[in-house]
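Those letters in the sequence shown? Residues 458 to 748, per the working numbering, in order. Here the structure comes first, spelled out in structure tokens, and everything after it is commentary.
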Amino acid sequence: RNFQEKVERTRHRIDVEGALVLTVALTLLLLGLLEGGTGWAWASEESLVCFGGGALALGVFALVERRAAEPVISMHLLSRRLIINAVCISASIGGIVLGLTSFVPTYLERAAHATPVAAGLAVAALTIAWPLASANAGRIYIPHGFRASITMGSTITTVGALLLLVIVGHPSVWLVVAVALVIGAGLGFVAAPNVVAAQASVGWSERAEVTGLTMFARSVGSAVAVAVYGTVSNGIIADGAGPDDPATIVDATTGVFYGVVVAAVLLLVSAWSLPRAPGSGPVRPVHGDEK
């Protein structure tokens, strides 16, 4: 109610070319990941077109963004260490969340013989601990800095990811609920402080850019991760006794959980390598007229 800031309204240009090229690049790469090894062989012409075309499109995208008046992704932002770390953290969060929400329900239904409602509620435990931790994250990053909250949360999340490998051989709704609570709590101390840290490291004119960039990184991390997890899971099921065999589902889910652990380790490394400044010391109130 009392916050005021000066906003200069200007006309903007939408980077249509950059958006289209980026869409083509990511679509080709994701298609290659999803269909490789199942729809066609990894060494096939289809894979070459998808991965080669996707890589080429990403190169074209970088060139387009350098000429765009208001690019979808500002290349100069990616030259800043804190922003790069924030992007990696967001992408890791996306990979961790999709590994749970996309595959755990099937794992519980097929391996633990849980009902769809029970399997869904087990995953929903993630969304119980997350907001509770997020609501209290300010008690850590305001006096101690963003890095303190993010590193603590990433450590908790990694412990939770490792616990997935411990419980996967013992299908149980309640075990999944317990681990989901741990992971949700960890992510609650990471997600919001990570975005705020990125926002606090730039001026007002770039705040929307870093916000969009971190959110976009989370979406890309989710999409890439679920494609990789799906490839791993489908390959294990195809080599096993099929999707109706509980033991095969456990093996396939184990492969997915290893991927979640990799994402958690990337999160942990990115968090602990965050620069201590700016945005890592005690948070100072910002007034509306400050730039």
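Every residue gets a Cβ at the ideal spot worked out from N, C-alpha and C, and that includes glycine. Computed from a predicted model, the values in this text were never measured in an experiment.
When only Cα atoms are considered, residue 517 and residue 474 end up about 10 angstroms apart.
Rounded to the nearest whole angstrom, the C-alpha separation of residue 537 and residue 469 is 24 angstroms. Per DSSP, the unbroken alpha helix (DSSP H) holding residue 656 starts and ends at 648-657.
Only buried fits residue 604, as 16 or more other CB atoms lie within 10 angstroms of its CB. The C-beta of residue 698 has fewer than 16 other C-beta atoms within 10 Å across all chains shown, which makes the residue exposed. Where residue 625 is concerned, there is no enclosing alpha helix (DSSP H), because DSSP gives it neither an H nor an E. Residue 574 counts as exposed, since fewer than 16 other C-beta atoms from the protein chains shown sit within 10 angstroms of its C-beta. Annotation for residue 672: the continuous alpha helix (DSSP H) segment containing it runs 661-696. Contact check for residue 610 against residue 643 passes: the beta carbons are separated by less than 7 angstroms. The way I'd put it, the segment 648-665 doesn't touch the segment 681-692; fewer than three beta-carbon pairs between them come closer than 8 angstroms. Distance from the Cα of residue 530 is smallest, within the candidate group 494, 477 and 466, for 477.
Rounded to the nearest whole angstrom, the C-alpha separation of residue 568 and residue 493 is 26 angstroms.
By alpha-carbon distance to residue 625, the top candidate from 583, 557, 522 and 723 is 557.
Residue pairing of residue 493 in beta bridges, as defined by DSSP: 497.
If you look at residue 714, you'll find it in the alpha helix (DSSP H) that goes 703-729.
Between residue 673 and residue 525, the alpha-carbon positions lie close to 19 angstroms from each other. Taken in chain order, the whole beta strand (DSSP E) runs of length 3 or more contained in the segment 501-531 number zero. Taking the Cα positions, residue 631 is about 22 angstroms away from residue 716. A contact between stretches requires three or more CB pairs, one per stretch, nearer than 8 angstroms, and the segment 491-511 fails this requirement with the segment 548-564. The count of Cβ pairs closer than 8 angstroms, one atom from the segment 580-591 and one from the segment 698-714, stays below three, leaving the stretches out of contact. For the pair of segments examined, the segment 588-598 was found to touch the segment 633-653: the number of CB pairs separated by less than 8 angstroms reaches three. Distances from the alpha-carbon of residue 728 to those of 621, 687, 515 and 542 put 542 closest. When secondary structure is reduced to three states using DSSP, residue 533 falls in the coil class, being assigned neither helix nor strand.
The beta carbon of residue 520 sits closer than 8 angstroms to no other beta carbon from its chain once the five residues preceding and following it are set aside. The C-beta distance from residue 544 to residue 725 rounds to 16 angstroms, too long to fall under 8 angstroms, and the pair is not in contact. In this structure, residue 622 lies near residue 714, with their beta-carbon atoms less than 7 angstroms apart. Cβ neighbours of residue 667 within its own chain (closer than 7 angstroms, five residues either side excluded): 534, 540, 655, 656 and 659. The residue from 688, 663, 594 and 646 with its alpha-carbon nearest to that of residue 464 is 663.
In the structure shown, the three-state DSSP call for residue 471 is coil.
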